[in-house]
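Engineer: Got a structure for you, written out below as structure tokens; questions coming shortly.
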Amino acid sequence: MAPWKVLPEHLDPQAGRLVDRLRRLKDATGLSFTALAARTSYSRSSWERYLNGRKLPPADAVTELAALAGADPDRMLALHALAAQTWPGPQPKDTAVPGTSGAAPEPEEPASEPAAPEAAAVAPTPAEPDTPASVPPVLVGEPADPAEPARARPARRTLLAAGGALVVVAAVLTVVLTLVLPGRGSAGAGEEEHRRVAAEEFAFKPDRTYDCDIHRFQGRLYAGHSDTEDALLQQISTTWDVVEAQCLLEHRGYRIGGIDGAYGAATERAVKRLQDKEGLVVDGIMGPHTWEALRR
1 MAPWKVLPEH LDPQAGRLVD RLRRLKDATG LSFTALAART SYSRSSWERY
51 LNGRKLPPAD AVTELAALAG ADPDRMLALH ALAAQTWPGP QPKDTAVPGT
101 SGAAPEPEEP ASEPAAPEAA AVAPTPAEPD TPASVPPVLV GEPADPAEPA
151 RARPARRTLL AAGGALVVVA AVLTVVLTLV LPGRGSAGAG EEEHRRVAAE
201 EFAFKPDRTY DCDIHRFQGR LYAGHSDTED ALLQQISTTW DVVEAQCLLE
251 HRGYRIGGID GAYGAATERA VKRLQDKEGL VVDGIMGPHT WEALRR
């Protein structure tokens with residue numbers, strides 16, 4: 001495979017890192033530019049521009065190449081978002097190669113038919129011709145079955161009384177468990193409120209930002225996205241833990257620009273300022289000691 005051309009000198013380090021990573025992904029696939037164009041939505045000339053640093057590739061192109069190489073698309077999209085912030089010149093989007101598949105529009109659901117009036121739904125039932133005239137009609141309010149024997153009534157009253165007693169016992173036990181067991185009652189409600197962290201798997205999306213629910217729980221500071229105390233984060237991590245760290249950094253006055261879940265250069269600089277102020281090792285990596293200082 002021919003050696004790669006030297007990247008343009010005007011590219012920022014973040015942009016150069018993205019292009020270098022894309023080149024390694026292409027090498028890992030073993031595909032030529034022509035084969036790469038056949039397997040993706042972008043032409044051979046577009047890939048040549050992207051991988052020689054002459055044009056910023058669209059996010060979709062980055063995702064498709066990552067999928068072909070078996071790489072993590074979230075990490076590649078995070079690199080792409082950082083490179084887009086410093087990429088020189090305009091960044092027009094290339095048009096995908098015609099003929100590629102796209103999601104077909106979903107058909108509209110037909111409007112539900114109006115329900116027929118109840119009066120029209122039930123037709124009168126004609127009287128059967130062979131019904132004997134001697135059979136007396138059933139009067140409205142007349143019980144269909146014979147009256148329940150008197151001896152069965154005490155048994156039913158006993159069962160109802162026992163059921164009521166069980167309900168009372170269950171209610172008492174609920175109150176006792178709420179007031180006595182640790183972690184229940186008002187404390188349990190507070191913990192449930194605190195545990196409103198993100199349950200879905202994190203997926204980095206360029207230009208998406210998140211809100212922060214800053215609060216204290218048991219003397220520690222949280223932002224509503226992660227309860228971690230020891231997650232190791234560095235460039236370029238993309239997790240809910242990064243969102244949590246970015247929220248707390250912004251809350252403490254260490255500006256990073258946006259809460260996007262990508263551990264970029266701005267987040268690393270903010271972590272270093274925090275570490276320097278707290279007398280920690282200034283390496284820009286989130287670890288147990290840095291989390292401890294951040295959650296105070």
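The end of the sequence shown is residue 296 by the UniProt record's numbering, with every number in the run present.
We treat Cβ as the ideally placed atom computed from N, Cα and C, and that holds for glycine.
So, for Leu25: in the same chain, excluding its five sequence neighbours on each side, which residues have a beta-carbon less than 7 Å away from its beta-carbon?
Structural biologist: Leu65, Ala66, Ala69, Ala71
Engineer: Just to confirm my understanding: we take Val281, look at its own chain, exclude 5 residues before and 5 after, and list those with CB closer than 7 Å. What are they?
Structural biologist: These residues qualify, in order along the chain: Gln275.
Engineer: From Ala245 to Leu79, what distance separates their C-alpha atoms?
Structural biologist: The alpha-carbon atoms of Ala245 and Leu79 are separated by roughly 19 Å.
Engineer: Using a Cβ-Cβ cut-off of 6 Å (strictly less than) and excluding sequence neighbours within five positions of Ala61, which residues of its own chain qualify?
Structural biologist: Tyr42
Engineer: For His10, does the three-state DSSP call read helix, strand or coil?
Structural biologist: coil
Engineer: Per DSSP, what kind of secondary structure is Ala81 in: helix, strand or coil?
Structural biologist: The three-state secondary structure of Ala81, taken from DSSP, is helix.
Engineer: Which value, in whole angstroms, describes the spacing of the CA atoms of His10 and Ala38?
Structural biologist: 31 Å
Engineer: How far does the beta strand (DSSP E) with Leu249 in it reach, from first residue to last?
Structural biologist: No beta strand (DSSP E) contains Leu249, which is instead part of the alpha helix (DSSP H) from 240-251.
Engineer: Taking Phe217 as part of the beta strand (DSSP E), name the residues at either end of that continuous run.
Structural biologist: 215-217
Engineer: Is DSSP giving Arg295 helix, strand or coil here?
Structural biologist: Coil, per DSSP.
Engineer: Could you tell me the distance, in whole angstroms, from the CA atom of Ala203 to the CA atom of Trp47?
Structural biologist: Approximately 25 Å between the Cα atoms of the pair.
Engineer: Quick check: the Cα distance between Met76 and Ala270, rounded to an integer number of angstroms?
Structural biologist: 22 Å
Engineer: Can you give me the Cβ contacts of Asp230 inside the same chain, cut-off strictly under 8 Å, excluding the 5 residues immediately before and after it?
Structural biologist: Once the five neighbours on either side are set aside, the close Cβ partners of Asp230 are Gly287, Pro288, Trp291.
Engineer: Check the DSSP bridge columns for Met286 and list the partner residues they point to.
Structural biologist: Leu233
Engineer: Here's a check: name, in chain order, each residue in its chain whose Cβ is nearer than 7 Å to the Cβ of Asp241, leaving out the five neighbours to either side.
Structural biologist: Ser226, Thr228, Ala231, Leu233
Engineer: May I ask you to report which of helix, strand or coil DSSP gives Arg220?
Structural biologist: Correct three-state label for Arg220: strand.
Engineer: In the DSSP output, which residue or residues are listed as bridge partners for Ala262?
Structural biologist: According to DSSP, Ala262 bridges with Thr238.
Engineer: Residue range of the alpha helix (DSSP H) that Leu65 falls in?
Structural biologist: Where Leu65 is concerned, the enclosing alpha helix (DSSP H) starts and stops at 59-69.
Engineer: If you draw a straight line from the alpha carbon of Gly30 to that of Pro206, how long is it in whole angstroms?
Structural biologist: 28 Å
Engineer: Between Lys272 and the rest of its own chain, which residues show a CB-CB distance below 8 Å, the 5 nearest in sequence each way excluded?
Structural biologist: Val282, Asp283, Gly284
Engineer: Would you mind reading off the limits of the alpha helix (DSSP H) that contains Tyr50?
Structural biologist: 44-51
Engineer: From the DSSP output, in three-state form, read off Lys277 for me.
Structural biologist: helix
Engineer: For the alpha helix (DSSP H) containing Arg39, name the first residue and the last one.
Structural biologist: It spans 33-39 - the alpha helix (DSSP H) in which Arg39 sits, taken as one unbroken run.
Engineer: Relative to the alpha-carbon of Gln218, which residue among Arg295, Thr63, Ser237 has its alpha-carbon at the smallest distance?
Structural biologist: Arg295
Engineer: What's the gap between the Cα of Ile259 and the Cα of Ala266?
Structural biologist: 11 Å
Engineer: Keeping to the same chain, check which residues put their C-beta closer than 7 Å to that of Ala293; ignore five residues upstream and five downstream.
Structural biologist: Leu274, Glu278, Leu280
Engineer: Secondary structure at Asp74, three-state DSSP: helix, strand or coil?
Structural biologist: helix
Engineer: Confirm, please, whether the CB-CB distance from Thr63 to Gln14 is below 8 Å.
Structural biologist: no
Engineer: Under 7 Å Cβ to Cβ from Leu18, same chain only, skipping five residues before and after it: list those, please.
Structural biologist: Leu79, His80, Ala83
Engineer: May I have the straight-line CA-CA distance separating Arg44 from Val6, to the nearest angstrom?
Structural biologist: 19 Å
Engineer: Leaving out the 5 sequence neighbours to the left and right, which residues in its chain are closer than 7 Å to Pro132 when beta-carbon positions are compared?
Structural biologist: At Pro132 the pLDDT is 44, less than 50, meaning the model places this residue with poor confidence and gives no usable figure here.
Engineer: Could you check what DSSP says for Arg23 in three-state terms: helix, strand or coil?
Structural biologist: Here Arg23 carries a helix assignment [DSSP, helix/strand/coil].
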